[in-house]
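Notes follow once the structure below has been shown.
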Amino acid sequence: MKRNSIVFACFLAVLYVTLSSDIDGAAHHGHGDVTGAKTATIGHCQTSSCHGGNNAMNIVLLQVKDTTTLLPVTSYHAGQTYMVTITGDATAVTSNLPGFGFMVSAVLGNHTLAGSYTIPTALSGSIHTFACGTTTVVEHSVVLPQTTAGTNTYSSWFYWTAPTAYSDSVTFYGLLNAVNGNGASSGDYPNTATPLTIYENDPSAVKPLTTAGNSISLYPNPATTSLTIQAGEQITSLIISNTIGQKVFTGSYNVPQARVDVAGLPAGIYLVSVNGSGLQKFVKQ
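Residue numbers for the sequence shown follow my numbering, so the first one is 1493 and each next one is one higher.
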């Protein structure tokens, strides 16, 4: 029994050293995708086997942004390139956490890689991509410094190019670990970001909705001020609902094309029903 205890203790020691020394990326060290995404190498850095649990004192945010306006987007166009940012805020922690590491994955519904990544030239020495299982992740390759020294705030970014084939939705998973640099997991503040799902809204790629043998289309999609609904039949009734089923617009027509003022709707995803059948999705920006 004593011998078994010693062997087990040695195993735990090796495991501890291994999992607390991912200074150049967890995937690089063979731990797979630890963002919480469902992939062929399911992992989660905040389990008891690594850092002991998410820590809410490190608030982590994932965003996908337009490269021109730098504003967050809720939809994407096939083949277009966007900026992905991951930020952490551990300002509630009283001790100084001078470094951090992160991992982000973009995943399709079948748990495979969505699109492709490009590492900015200026960051090529500090972050990298790494294939693991059915997907690929972006992660740190060295311990990254705070955004501003002494603030416990963190930020990194990279480019993501959307899939060229229709994929409907892509979910981004992310993890950021603020570290004290003592070489162990004690005193670190890891946390995962809320998974971010964005939808493809290129009108040419949206799957058509069939109503009474005819298809409808919505444009522009995303919409900002007005939305046009084009059908191959007379539109006698039109209902727009939010994602929890609340009706935000109802109308009666007798035309194949209707235009709706959506300027007053909050930004988000909405569903359109024509003549009481089917649902088509559009995004209000």
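Think of the CB as a built atom: it goes at the ideal place given N, C-alpha and C, for glycine as much as any other residue.
Being a predicted model, the structure only gives us computed values, none of them experimental.
Three-way DSSP call (helix, strand, coil) for residue i in this model
i	result
residue 1779	The structure shown has nothing for residue 1779, since the chain only spans 1493 to 1777.
residue 1515	coil
residue 1530	coil
residue 1638	coil
residue 1525	strand
residue 1658	coil
residue 1774	strand
residue 1683	strand
Alpha-carbon spacing of residue i relative to residue j, whole angstroms
i	j	result
residue 1621	residue 1756	41 Å
residue 1515	residue 1670	12 Å
residue 1720	residue 1681	48 Å
residue 1738	residue 1732	9 Å
residue 1691	residue 1765	19 Å
residue 1575	residue 1772	28 Å
residue 1672	residue 1648	18 Å
residue 1709	residue 1735	19 Å
Residue interval of the beta strand (DSSP E) (run including residue i)
i	result
residue 1749	1739-1753
residue 1762	1760-1766
residue 1575	1573-1581
residue 1724	1718-1734
residue 1670	1661-1671
residue 1620	1619-1624
residue 1584	Residue 1584 -> no beta strand (DSSP E), and no H or E assigned at all.
residue 1628	1627-1632
Residue i burial status per 10 Å Cβ neighbour count (16 or more: buried)
i	result
residue 1628	buried
residue 1674	exposed
residue 1582	buried
residue 1714	buried
residue 1749	exposed
Below-8 Å beta-carbon distance, residue i vs any chain D residue
i	result
residue 1604	Absent from the structure is chain D; it holds one protein chain and no more.
Decide yes or no for the touch test of the region 1644-1658 against the region 1598-1608: beta carbon pairs closer than 8 Å, at least 3 of them. The answer is yes - the region 1598-1608 touches the region 1644-1658, with three or more Cβ pairs under 8 Å.
Check whether the region 1593-1600 touches the region 1632-1648, counting contact only when three or more Cβ pairs, one atom from each stretch, lie closer than 8 Å. The region 1593-1600 makes contact with the region 1632-1648, as at least three CB pairs between them are under 8 Å.
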